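Asks: Before I ask anything, let me first share the structure, which is written out below as structure tokens.
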Amino acid sequence: MRLSDLPKGAPAVVDRVDDAHASDPIAQRLRDLGFVEGEPVRVVARGPLGADPLLIQIGSTRFALRRTEAARVTVRMEAA
């Protein structure tokens, strides 16, 4: 499942970050921010009418991501 499709508040774990092309700077930046395999993640809030940005919490840190950036992150849901 893509992080951009994760229901608000649902617990999940990062599986991987997909590169759009070789040396993808956005994918690398997401990894640098902590979006790495095994990290717990959740969607805290969504923009108005489900639009950008998404407020994402990974560990104890929160980030605002565009929906296209969040779609690069593959997650698996965890039991609550």
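Residues are numbered in the working numbering as their position in the sequence shown, beginning at 1, plus a constant of 1. Beta carbons are placed, not taken as given, at the ideal position from N, Cα and C, and that holds for glycine. What you are looking at is a predicted structure, and each value in this text was computed from that prediction instead of being measured.
Is it the case that the Cβ atoms of residue 75 and residue 18 are separated by a distance below 9 Å?
Replies: A contact, by the Cβ cut-off of 9 Å.
Asks: Would you identify the three-state DSSP class for residue 19, choosing helix, strand or coil?
Replies: coil
Asks: Report back the beta-carbon spacing between residue 2 and residue 77 to the nearest angstrom; my notes put them in contact at under 8 Å.
Replies: 7 Å
Asks: May I have the straight-line CA-CA distance separating residue 51 from residue 23, to the nearest angstrom?
Replies: Going from the Cα of residue 51 to the Cα of residue 23 covers about 30 Å.
Asks: In the DSSP assignment, find the unbroken beta strand (DSSP E) run with residue 66 in it and report its ends.
Replies: Residues 62-66.
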